[in-house]
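A short write-up of the structure that comes next.
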Amino acid sequence: MSISARLSIAWESSSKPEENTSTMVLSTPSERFVDVRPLLTPCGDFPFEWAFAGSARLLAPDGSQIEFSHDFFDSDYIRRWCECRKRELAGQTVQYPLKSDIPKDIGHFETLQDGTRRETGTMYNPGSGTEEQYEERWVSLDPWKTTPQHKVQAGSTVAAESRLFDVKSGGEGRFVRVGNWAQGVFWNKDNLDTPISVVRVFFDGRWNPVLQHGDCSMFPVGENPAVGATVSKGTVTWEVLE
């Protein structure tokens with residue numbers, strides 16, 4: 011399990027490194043993850059560069075090449091789907107996006123002398139609307155010592171309990187906890203205006219929200235059942251997979 015924070019990104023269309031988000035990725039031992047990228051300067055009705063969840067697969071034994079799939083949950087796909095649904099309800103003919111068309115991203119990783127990681131590859135650039143080459147810098151965070159005010163880089167081995175909840179019924183989504191941190195994404199298909207809910211919470215004696223968007227009442231914050239158990243929150247049922 012791990013927590014990663016992005017330090018910067020540089021696109022080929024604008025090679026200067028920058029970071030306009032507070033991106034954090036929580037991953038489980040099976041490499042299933044939730045990746046949330048809220049804008050530092052929120053704008054619009056969806057104040058995120060991206061919010062998605064999926065799984066990672068090693069393409070090289072040393073971890074230098076990893077494939078990321080996010081057809082499980084992808085905010086760009088969901089927002090396009092909702093726009094199609096609105097037009098359809100207005101009497102227009104539409105063609106819905108397909109989850110099978112969501113591309114997989116392959117990142118090439120290099121560990122730098124300071125322990126941070128450089129990732130290069132090609133993926134969709136929300137700014138330009140096209141696929142571009144990119145270079146990102148990442149840091150692994152200590153899941154116990156990192157706080158909302160202070161990031162602490164993880165050592166080579168940091169043990170932390172984790173839990174992974176996937177929605178079993180009532181929508182689509184995932185909620186991951188690693189150490190003192192948890193975050194989740196959820197799609198309410200009955201809400202076309204605010205279909206996506208996002209939460210990031212930190213434990214400091216109690217679970218405190220660091221980030222909330224949409225209706226977050228369905229997330230299993232603070233729940234710690236055994237693997238295989240289910241948790242109901244209103245009309246949403248979650249299953250503990252890890």
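For the sequence shown, the numbering used here assigns the number 11 to the initial residue and increments by one for each residue that follows. Glycine included, every Cβ here is placed at the ideal spot set by N, Cα and C.
| Check | Outcome |
| --- | --- |
| Collapsed DSSP secondary structure at Ile206 in the structure displayed | strand |
| Reference Thr240, options Trp248, Ser166 and Met11, closest by Cα | Trp248 |
| Nearest-angstrom Cα separation, counted from Pro136 out to Gly165 | 33 Å |
| Cβ separation of Ser85 and Ala61, assumed to be a contact under 8 Å, to the nearest whole Å | 4 Å |
| Contact check, Phe43 vs Ile206, beta carbons under 8 Å | no |
| Counted within 10 angstroms of its Cβ, other Cβ atoms place Arg97 as buried (16 or more) or exposed | exposed |
| Trp91 (DSSP reduced to helix, strand or coil) | helix |
| Proximity below 8 Å, CB of Val209 to CB of Leu221 | yes |
| Beta carbon of Gly189 nearer than 8 Å to that of Pro153 | yes |
| Identity of the residues DSSP links to Asn135 by a beta bridge | Thr140 |
| Range of the contiguous beta strand (DSSP E) that encloses Gln75 | Gln75 to Asp84 |
| Alpha carbon of Val246 to alpha carbon of Phe196, nearest angstrom | 10 Å |
| Which of helix, strand or coil DSSP assigns to Leu251 | coil |
| DSSP-derived helix/strand/coil call for Asp176 | strand |
| Of the listed residues Tyr134, His118, Lys161 and Arg184, nearest to Ala70 (C-alpha basis) | His118 |
| Euclidean distance between Cα positions of Met133 and Asn234 | 35 Å |
| Burial state of Asp115, where buried means 16 or more other Cβ atoms lie within 10 Å | buried |
| Residues near Ser74 by beta carbon distance below 6 Å, same chain, minus five either side | Phe119 |
| Nearest residue (CA-CA) to Gly139, options Phe213, Ser23 and Leu36 | Ser23 |
| Cβ shell of Ser14 (< 6 Å), same chain only, five flanking positions each side left out | Val35, Trp148 and Ser150 |
| Beta-carbon spacing of His257, Gly64 below 8 Å | The structure shown does not extend to residue 257, since the chain is modelled only from 11 to 252, so the question has no answer here. |
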